[in-house]
Amino acid sequence: MKKTFLAVVLLIAIMLCSSAVAAEDIPAVIWSLQTDAGTVCVKSETLDGQAWLFLPACADLTALSLSTENDGVDGAIWVFGNGETTPFEPNVPINGVALATNHHEDVYSLVLAAADGSEILTLHLMKSQHLSSMHISSTDPINEGREWLEDCPLHEKTTSAHLVMLREDGSVSAGMPIDKIRGRGNTTWTTTLDKKPYQINLAYKQNLLETGDPLEARKKWVLLANEALWDEESDRSMLRNKISLDISREFGLENTSKCEYVDLYYDDCYRGTYLLCEKVEVNPGRVDVVDFDEIIKGGAKALGVYDLDRLPIAQGINRYGMEIHYPENLPEPDDPSVGGYLIEMEKSGGSGEATWFRLGDGRAYACKNPSYASERMVTYVSELMQEVYQSFENYGFDPETGMPIENIMDIDSFTRSLLIAELTKSFDMYVFTSTNFVVKAGEYKLYAGPVWDFDLATAEVETLRSDNQWSRYFYRTTVYQEAAKRLYSEELYPIVSEILLGDREGVYLKSLAEYEAQISASWLMNYYRFSSRGFPDLNYMKWLHSFVEDSAEFYEKQSAWLLSEINSWSEDEVSHTVDLELSAPYSIVNEDMIFGIASEQRSSLRMISSSVVCTKPATEEEFGTWECRMILAPKPNTSYADDLVITVNGQSAVYEHLDDGTISVLCWFVDWSYRPAIYRDVDYGTVFDFDYFIDYYPDIVDECGGDRDAALAYFVDYGMDMAMTGNEYFDPTSVWEVNIDLSQIIGDTWKLAYERYIEGQYVLSRPYEPEIFQ
Numbered sequence: 114m115k116k117t118f119l120a121v122v123l124l125i126a127i128m129l130c131s132s133a134v135a136a137e138d139i140p141a142v143i144w145s146l147q148t149d150a151g152t153v154c155v156k157s158e159t160l161d162g163q164a165w166l167f168l169p170a171c172a173d174l175t176a177l178s179l180s181t182e183n184d185g186v187d188g189a190i191w192v193f194g195n196g197e198t199t200p201f202e203p204n205v206p207i208n209g210v211a212l213a214t215n216h217h218e219d220v221y222s223l224v225l226a227a228a229d230g231s232e233i234l235t236l237h238l239m240k241s242q243h244l245s246s247m248h249i250s251s252t253d254p255i256n257e258g259r260e261w262l263e264d265c266p267l268h269e270k271t272t273s274a275h276l277v278m279l280r281e282d283g284s285v286s287a288g289m290p291i292d293k294i295r296g297r298g299n300t301t302w303t304t305t306l307d308k309k310p311y312q313i314n315l316a317y318k319q320n321l322l323e324t325g326d327p328l329e330a331r332k333k334w335v336l337l338a339n340e341a342l343w344d345e346e347s348d349r350s351m352l353r354n355k356i357s358l359d360i361s362r363e364f365g366l367e368n369t370s371k372c373e374y375v376d377l378y379y380d381d382c383y384r385g386t387y388l389l390c391e392k393v394e395v396n397p398g399r400v401d402v403v404d405f406d407e408i409i410k411g412g413a414k415a416l417g418v419y420d421l422d423r424l425p426i427a428q429g430i431n432r433y434g435m436e437i438h439y440p441e442n443l444p445e446p447d448d449p450s451v452g453g454y455l456i457e458m459e460k461s462g463g464s465g466e467a468t469w470f471r472l473g474d475g476r477a478y479a480c481k482n483p484s485y486a487s488e489r490m491v492t493y494v495s496e497l498m499q500e501v502y503q504s505f506e507n508y509g510f511d512p513e514t515g516m517p518i519e520n521i522m523d524i525d526s527f528t529r530s531l532l533i534a535e536l537t538k539s540f541d542m543y544v545f546t547s548t549n550f551v552v553k554a555g556e557y558k559l560y561a562g563p564v565w566d567f568d569l570a571t572a573e574v575e576t577l578r579s580d581n582q583w584s585r586y587f588y589r590t591t592v593y594q595e596a597a598k599r600l601y602s603e604e605l606y607p608i609v610s611e612i613l614l615g616d617r618e619g620v621y622l623k624s625l626a627e628y629e630a631q632i633s634a635s636w637l638m639n640y641y642r643f644s645s646r647g648f649p650d651l652n653y654m655k656w657l658h659s660f661v662e663d664s665a666e667f668y669e670k671q672s673a674w675l676l677s678e679i680n681s682w683s684e685d686e687v688s689h690t691v692d693l694e695l696s697a698p699y700s701i702v703n704e705d706m707i708f709g710i711a712s713e714q715r716s717s718l719r720m721i722s723s724s725v726v727c728t729k730p731a732t733e734e735e736f737g738t739w740e741c742r743m744i745l746a747p748k749p750n751t752s753y754a755d756d757l758v759i760t761v762n763g764q765s766a767v768y769e770h771l772d773d774g775t776i777s778v779l780c781w782f783v784d785w786s787y788r789p790a791i792y793r794d795v796d797y798g799t800v801f802d803f804d805y806f807i808d809y810y811p812d813i814v815d816e817c818g819g820d821r822d823a824a825l826a827y828f829v830d831y832g833m834d835m836a837m838t839g840n841e842y843f844d845p846t847s848v849w850e851v852n853i854d855l856s857q858i859i860g861d862t863w864k865l866a867y868e869r870y871i872e873g874q875y876v877l878s879r880p881y882e883p884e885i886f887q
């Protein structure tokens with residue numbers, strides 16, 4: 114009894130002096146496990162002055178093998194929650210559950226004290242569940258460890274390592290060298306602060322996902338960090354990518370990457386919950402087409418060309434006048450269709466790949482396989498894709514031959530892919546470099562490639578994606594409307610409502626409740642480790658469930674809205690009414706006018722051309738007047754009603770039928786966003802309007818005697834330095850907030866923001882909807 118009492122007193126004394134221990138004085142505690150692939154270790158980390166040890170699912174908390182990184186704890190003792198003590202013996206198993214002095218949300222706190230009670234270590238233990246763990250050990254952790262690898266913006270660094278994967282029961286599922294590990298991703302590499310995505314190249318093929326299919330044993334694998342990218346309000350469920358990929362496979366997109374969650378440990382340090390994915394590449398079990406890269410490499414070697422990277426890059430044009438880029442001196446195949454092609458959409462400016470081309474949308478498209486394509490090959494694939502694009506643009510028919518688009522574009526795969534984009538509201542699909550296209554050997558037809566990258570998804574609901582041409586052409590083209598109605602109502606909607614949101618068992622997809630149960634322990638560890646990204650309180654599990662509920666709400670709303678929206682698409686139904694949309698950029702009309710047909714997916718008309726001309730120039734006293742003309746025609750194989758009613762921005766419009774079967778619509782509007790304001794031979798009309806200035810700065814105008822010129826002079830000489838707003842449109846402070854490059858243009862001088870805008874050194878995309886009159 115006396116011994117227990119003294120131990121309790123010792124524990125209290127230790128607790129009271131624990132805050133005096135500096136973080137740098139806390140020794141690392143090391144958990145170790147002997148496996149068939151050698152010893153696997155995990156080191157504790159010091160977070161907010163406390164030691165935390167995040168353990169994989171295979172760890173046994175009742176038989177922990179622990180040691181320390183140095184000998185500074187010789188003679189130390191473990192202190193039980195009831196005050197009793199036991200000696201600290203390195204690598205002698207202890208019962209961490211019984212030792213715990215505190216237990217909250219699956220966090221077990223252990224106290225390690227020096228023999229004289231002068232030092233203390235509080236160790237917080239957490240353990241994952243249900244997931245395999247991946248342990249990556251750098252070949253040279255001192256000079257080329259994780260921090261070295263991540264210290265590069267363009268993934269230019271690579272290094273080697275060793276991999277061990279442990280199942281939940283502690284058995285080894287993989288153990289082998291990693292020939293190459295590098296960073297990957299765009300936004301996810303530069304935006305996420307704590308966790309980075311990687312690509313690993315194994316020394317030999319291995320099916321890391323243990324799917325049972327020998328064809329899925331591959332060298333290249335991707336690790337996604339699953340981080341929220343926008344802000345603290347973003348979805349942090351870590352479910353976006355996994356669910357989106359699983360839905361895609363369930364929906365019949367068989368080339369979609371398989372994936373599983375893993376707990377990642379890099380150089381013995383816990384790195385959080387990751388998603389281990391198959392890499393999008395040409396290979397059996399992935400994108401299963403004839404590997405043209407292997408054909409080309411064999412042909413090049415036969416000609417004595419061994420280093421394709423050293424070949425000079427040539428530029429040319431195809432028969433559609435589109436630029437193509439390709440390595441010179443490659444052997445030309447007799448038939449460019451003998452192999453398959455994997456194409457990836459690139460950024461608008463160009464591509465860093467050896468082989469790429471441009472389409473009518475102005476974007477670059479790169480050959481990922483073959484990565485080195487000859488002139489004949491890149492001409493072949495670029496002309497096919499341009500024919501597809503211009504047919505898609507022309508509502509499903511080649512504008513030159515009238516050939517239907519289904520002859521050269523696989524309707525089924527693209528409908529499925531584009532529906533996934535609409536369901537998930539993917540920010541990247543058909544917009545950025547996460548979009549893939551496939552051409553199979555022997556077929557002059559384009560297929561949708563594997564879907565990929567849902568880091569930016571599941572945000573807005575009840576809208577269609579209108580930020581790219583591929584999506585717009587999809588939902589306005591009759592053959593796709595027909596396919597979408599059938600595939601969505603019969604397949605995709607039931608997949609979401611009955612499997613993800615219900616209790617029907619899927620082949621690949623699970624219910625949200627199952628995903629939450631699978632990831633919850635790992636998710637909890639991840640956010641305890643990386644909690645610097647912020648939560649309102651420490652009830653982490655409450656927040657996980659709220660994120661899952663948010664996901665359920667998103668899929669419920671978006672899937673139901675899409676069902677109604679898609680069923681409203683007109684196919685080839687004759688239009689009785691059509692509303693034209695007209696918007697003008699503030700202060701800059703002319704060629705920057707935006708014309709369109711509202712709800713084009715429900716109209717049988719298309720816009721052939723549009724033009725705008727100033728009929729009455731603006732003066733200091735009066736705004737200018739503009740005339741707009743729009744030429745409409747029926748979509749191919751459709752017509753319009755005899756009693757057709759046309760409106761522009763909701764206002765009734767007069768139109769006439771032309772001899773060529775088109776319709777001419779004419780209307781006018783007053784551009785109230787601009788009047789010239791000349792001061793010292795410079796026109797400040799795009800940033801200053803006298804009537805606005807009177808309303809917002811009446812005292813200043815009074816000081817200027819109510820004079821227009823004096824008020825303008827005051828605004829230019831003094832107001833612009835103070836970031837004064839001179840009209841309804843241009844506010845330099847709000848411009849600064851949305852234009853991250855503006856600081857490089859204007860420095861810390863507000864006046865330059867106005868002057869550089871007037872000079873045209875940057876533009877603002879802020880259109881307004883003018884009021885139309887006849």
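The sequence shown stops at residue 887 when you use the numbering used here, and every number in between is there. Glycine included, every Cβ here is placed at the ideal spot set by N, Cα and C.
Roughly how many angstroms separate the alpha carbons of I139 and M247, rounded to a whole number?
Answer to the nearest angstrom: the Cα atoms are 26 Å apart.
When the Cβ atoms of the region 584-591 are set against those of the region 526-536, are three or more pairs found closer than 8 Å?
Segments in contact, yes.
Would you report the Cα separation of Q163 and H237, rounded to the nearest angstrom?
Their backbone Cα atoms lie some 8 Å apart in a straight line.
Beta-carbon contacts of G819 that lie in its chain and below 6 Å, excluding the five residues immediately before and after:
Cβ neighbours of G819 beyond the five flanking positions: none.
If distances are taken between C-alpha atoms only, which option among Y557, D815, V574 and A287 comes closest to I315?
At residue 315 the sequence reads Leu, which differs from the Ile that was named. When only C-alpha atoms are compared, the closest one is A287.
Do R715 and W682 come within 8 Å of each other at the CB atom, strictly closer than that value?
Contact: yes.
Sort out for me which residues DSSP pairs H237 with in a bridge.
Beta-bridge analysis with DSSP links H237 to W165 and S222.
If you count every other CB in all the chains shown that lies within 10 Å of the CB of R423, and 16 or more means buried, which is it?
With fewer than 16 other Cβ atoms from the protein chains shown falling within 10 Å of its own Cβ, R423 counts as exposed.
Beta carbon of F843 nearer than 8 Å to that of V800:
With respect to the 8 Å criterion, F843 and V800 are classified as neighbours on the basis of their beta carbons.
Exposed unless 16 or more other CB atoms sit within 10 angstroms - verdict on G555
Counting Cβ neighbours within 10 Å, G555 comes out exposed, since fewer than 16 surround it.
Cut-off 7 Å between Cβ atoms - residues of its own chain near A486, not counting five sequence neighbours on either side:
Cβ-Cβ distances below 7 Å link A486 to Y439, T468 and C480 in the same chain, with the five nearest sequence neighbours on each side left out; the list follows chain order.
Three-state class that DSSP yields for L651 in the structure shown
Low confidence applies to L651: its pLDDT is 49, below 50, so where it sits in the model is not reliable, and the reading given next is rough at best. L651: coil per DSSP, three-state reduction.
Measuring CB to CB, does Y374 end up less than 8 Å from L472?
The criterion of a C-beta distance shorter than 8 Å is not satisfied by Y374 and L472.
Measuring only the C-alpha atoms, how far is E684 from K333?
Going by the C-alpha atoms only, they are around 43 Å apart.
Neighbour flag for I408 against chain D, beta carbons, 8 Å
Within the model displayed, chain D is absent; a lone protein chain is all it includes.
Use the C-beta contact count for C265: other C-beta atoms within 10 angstroms, 16 or more gives buried, fewer gives exposed.
By the Cβ-count criterion, C265 is exposed, with fewer than 16 other Cβ atoms from all chains shown falling within 10 Å of its own Cβ.
If the criterion is Cβ atoms closer than 8 Å, does the pair G290 and W302 meet it?
The question names Gly, yet the displayed sequence has Pro at residue 290. No.
Quick check: V767 and F667, are their CB atoms within less than 8 Å of each other?
With a cutoff of 8 Å on beta-carbon distance, V767 and F667 are scored as not near each other.
Please check the pair S624 and S672, which I expect to be a contact at CB under 8 Å, by giving their CB distance rounded to whole angstroms.
At roughly 14 Å, the Cβ-Cβ gap does not stay under 8 Å, so S624 and S672 are not in contact.
Grouping DSSP H, G and I as helix and E and B as strand, with all else coil, what is S624?
S624: coil per DSSP, three-state reduction.
Please report the distance separating the alpha-carbon of S370 from that of M516.
Using only the alpha carbons, I get a separation of about 34 Å.
For N314, the residue or residues it bridges with in DSSP:
DSSP output for N314 lists K293 and K333 as bridge partner(s).
Quick one, which of T760, W165, S765 and Y699 has its alpha-carbon nearest R384's?
The residue with the shortest Cα to Cα distance from R384 is W165.
Runs of beta strand (DSSP E) lying entirely within the region 469-507, each at least 3 residues, in chain order
For the region 469-507, whole beta strand (DSSP E) runs of length 3 or above, ordered along the chain, are 469-471 and 477-482.
Would the C-beta of K598 count as close to the ligand GTP, meaning under 7 Å from any of its heavy atoms?
Looking at this structure, you won't find the ligand GTP or any other ligand, since it has none at all.
Which residues in the same chain have their Cβ closer than 6 Å to the Cβ of V814, if we skip the five residues on either side of it in sequence?
In the same chain as V814, and ignoring 5 residues on each side of it, the C-beta atoms closer than 6 Å to its own belong to I807 and A824, in chain order.
Restricting to runs no shorter than 4 residues, where is the alpha helix (DSSP H) found entirely within the region 514-580?
Listed in chain order, they are 524-537.
Cα-Cα separation between A731 and R788, rounded to whole angstroms
Their backbone Cα atoms lie some 5 Å apart in a straight line.
With a Cβ-Cβ cutoff of 8 Å, do S361 and V620 count as a contact?
Taking 8 Å as the Cβ cut-off, S361 and V620 do not qualify as a contacting pair.
Whose CA, out of G194, P200 and N204, lies closest to the CA of L212?
Among G194, P200 and N204, the Cα nearest to that of L212 belongs to G194.
Let me know the secondary structure DSSP gives H248 once reduced to three states.
For H248, the secondary structure class from DSSP, reduced to helix, strand or coil, is strand.
Run of the alpha helix (DSSP H) containing F806, from where it starts to where it stops:
It spans F803 to Y809 - the alpha helix (DSSP H) in which F806 sits, taken as one unbroken run.
What does the alpha-carbon distance come out to for the pair R280 and T148?
R280 and T148 have their C-alpha atoms spaced approximately 11 Å apart.
May I ask you to report which of helix, strand or coil DSSP gives A172?
It is coil, neither helix nor strand.
Can you check whether the CB of L443 is closer than 8 Å to the CB of T528?
No, Cβ-Cβ distance for T528 and L443 is not below 8 Å.
Cα-Cα separation between G196 and L321, rounded to whole angstroms
G196 and L321 have their alpha carbons spaced roughly 45 Å apart.
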